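Quick note on numbering: this note's numbering labels position 370 of the first sequence as 370, and the sequence is numbered without any gaps. Working notes, structure below.
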Amino acid sequence: MEDNDLLKVRLEKIAALKAAGTDLYPNDAKPQNTTDRILQEYGGMDSDGLAKLTQKFSLAGRLMAIRSFGKAAFVKIQDRKGQLQCYIAKNILSEQDFSIFKKLDIGDIIYVSGKLFRTKTNELTLEAESVRLTAKSIRPLPEKWHGLTDIETRYRQRHLDLISNPAVKEIFIRRSLIIRLIRQFMDRHDFLEVETPMMQPKAGGAVARPFKTHHNALDQDLYLRIAPELYLKRLVTGGLERVYEINRNFRNEGISTFHNPEFTMMEFYASYATYEDLMSFTEELFAFIAREIFGKLAFTYQGTEIDLTPPWRRLAVKDALVEIAGMTPDEMADPAKAIDFARNAGCDIKETDPPGKILMAIFDERVEKKLIQPTFVTHYPVAVSPLSRRSNTDPDLVDRFELYISGREIANAFSELNDPADQRERFAAQLKEREAGDDEAHEMDEDYIRTLEYGMPPTAGEGIGIDRLIMLLTDSASIRDVILFPLLRSRTE
RNA sequence: GGGCCGUUAGCUCAGCGGUAGAGCAGCGGACUUUUAAUCCGUUGGCCGCGGGUUCAAUCCCCGCACGGCCCA
């Protein structure tokens, strides 16, 4: 603990309070009210109405401001719902309470009870008949007017951010609401919420670098999951038919405004559905959420209006490459020309990459960012989709879509590959990729193939990046603004 | 990994070769209806860390750490 004067002063106050017999950390304060309810219920009542109330009110929260006049003071109390002004006067409080009040600091957690009135300036205020210290604060809070703006401190000491910046608290309240709405929607559509392993012997279900760990008793390496996919499909095979999971995935990759090593994903699987069914399902889900939180289907993200009104645009990868990346059908059909195009576009590719992979590299480089309004991109190449069902009309394509909004991938969905023989071939192709140096390629997973050999019903599944969705719906520029404790490098002191 | 930017009082920020300033917070005083209360007085700094240049470095140069944005 650093030795600064502000701390010393508070420690001296603590000594004085203790000497006077004050408990600094009592645990018996039971506030009967919250600031928002008082404002909602009595905000419209005039002075005469308030004077007739016989009821007492009590609040507890953090002391955020003190405007003192010597024998009286106005203070602001902040609880989880907001702030309310309280009036503290020497001739109303007991002598003991008033002397305790005089030793309080901004930042202390206090309990106040009394009655409501309106001040000269007509502000609804709680007139304190008793004041108690509930928990002493010995460190000074950030400044009252500018709040806390230092980004590093905001992330490392999120409690200060939440205390000082009401807008931050609102984002996390909205995050919780959105996830609640998603659960509501899934429950209404008869999906079962399940939990599958976070620690897996093989990190499957996606292409990404995993975190590795080790179980001592089993003396076995384990990986933090990069996706729950293969486990959820085991449940579908087991007959649960419609399942979803909202939880963390872990990917051992870079950190950016759109990537946190641990992030929240919802994956869900619906038997007897196809990826096309999931497009309209996704439209309905997003529209439901938007209506609940905005009351409409359009909203602004970072200055651009996003309109979620269905149906959303559906665009095949190849059409996107022609229309947006400016490729000719000839360049697309000829692998050598496609490689040239990719090189010119600045893609990091290898000669040995399969054509589908080259095309997707061009897509990532040239198309992604331009898909601002919600767009389902469809007709993905088999080479980049080892778990998706082959298209009935073209065996080089799969029944898959990715949803793009505001230039970012928000969701990924496909009709599931349930043919074990084809799945084995796909894994084998991934193994070749791995041998060619792609350490993100999917591993062979015999146990999963064995599961498919029991027969998995035709199923469609989807993963929705919850953090990215919440960024959109809270107009947040960085994923760190929607994750309470984003990963930062540890500070060594 | 690369480029650019930032790091000065508890917080928000000035200062940019001559050993540091404001506002808020704090502390002392006045004040019983304030709204960033007001008024008077006042404490507080390894100027991120380590080198270098210089008579002299918060300031210029190099390295490192942490963070931000962009790119890979």
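Each residue gets a CB set at the ideal place from its N, CA and C atoms; glycine is no exception. If you're wondering where the values come from, they're calculated on a predicted model, not measured in any experiment.
Within 10 angstroms of the beta-carbon of S388 lie 16 or more other beta-carbons, which makes it buried. Closest by C-alpha distance to L192, out of D438, I306, M266, K56, is M266. The beta-carbon distance between V236 and T459, rounded to whole angstroms, is 5 Å. This is short enough to meet the 8 Å contact definition. The segment 176 to 194 makes contact with the segment 465 to 474; the number of CB pairs closer than 8 Å reaches 3 or more. For the set D221, G239, M198, E253, the Cα lying nearest the Cα of A208 is the one of E253. Taking all protein chains shown into account, Y454 has fewer than 16 neighbouring C-beta atoms within 10 Å of its C-beta and is therefore exposed.
Around A428, the same chain offers M444 as residues with beta carbons nearer than 8 Å, after the five sequence neighbours per side are excluded. The residue among L84, R408, K8 with its C-alpha nearest the C-alpha of E365 is R408. If you look at L315, you'll find it in the beta strand (DSSP E) that goes 313 to 316. In this chain, the beta strand (DSSP E) harbouring N249 covers 242 to 250. Per the C-alpha coordinates, the member of P310, E425, M332 positioned closest to K318 is M332. Per DSSP, reduced to three states, the secondary structure at E351 is coil, with no helix or strand assignment. In the assembly as shown, W312 is a buried residue. Its beta-carbon has 16 or more other beta-carbons within 10 Å. Residues of the same chain with a CB within less than 7 Å of the CB of F286, apart from the 5 flanking positions on each side, are L308 in chain order. For the 8 Å CB-CB criterion, I178 and L472 do not form a contact.
Counting the other CB atoms within 10 Å of its CB gives K212 a total below 16, which places it among the exposed residues. The alpha-carbon separation between F363 and F172 amounts to approximately 33 Å. Across the structure, A135 and I109 are spaced so that their CA atoms are roughly 5 Å apart. Shortest Cα-Cα distance from I449 to any of G49, K233, D48 involves K233.
By the beta-carbon neighbour count (other beta carbons within 10 angstroms, threshold 16), P197 is exposed.
The residue from P310, G303, K350, A342 with its alpha-carbon nearest to that of S280 is P310.
A Cβ-Cβ separation of about 6 Å places K115 in contact with E127 under the 8 Å criterion. At a cut-off of 4 residues, the continuous stretches assigned as alpha helix (DSSP H) that sit fully inside the segment 425 to 481 are 446 to 453, 466 to 473. Closest in C-alpha terms to N418, from the list Y404, P355, D399, comes D399.
Listed as beta-bridge partners of F74 by DSSP are R67, Y87. I88 places its beta carbon 8 Å or farther from that of L59. In the three-state scheme derived from DSSP, where H, G and I count as helix and E and B as strand, S490 is classed as coil. Excluding sequence positions up to five before and after P335, its CB lies within less than 6 Å of the CB of P355, all in the same chain and listed in chain order.
Straight-line spacing of the CA atoms in Q83 and Y380 works out to 52 Å. Under DSSP, K357 takes part in no beta bridge, so it has no partner. For N412, the pairing in a beta bridge is given by DSSP as E402, G463.
Rounded to the nearest angstrom, the gap between the Cα atoms of F117 and K169 is 28 Å.
Each residue's CA atom was taken as its position, placing T119 and G107 some 24 Å apart. Burial check for L487: the Cβ neighbour count within 10 Å stays below 16, so the residue is exposed. For F185, the enclosing alpha helix (DSSP H) has its first and last residue at 166 to 188. The beta carbons of E462 and L278 sit closer together than 8 Å.
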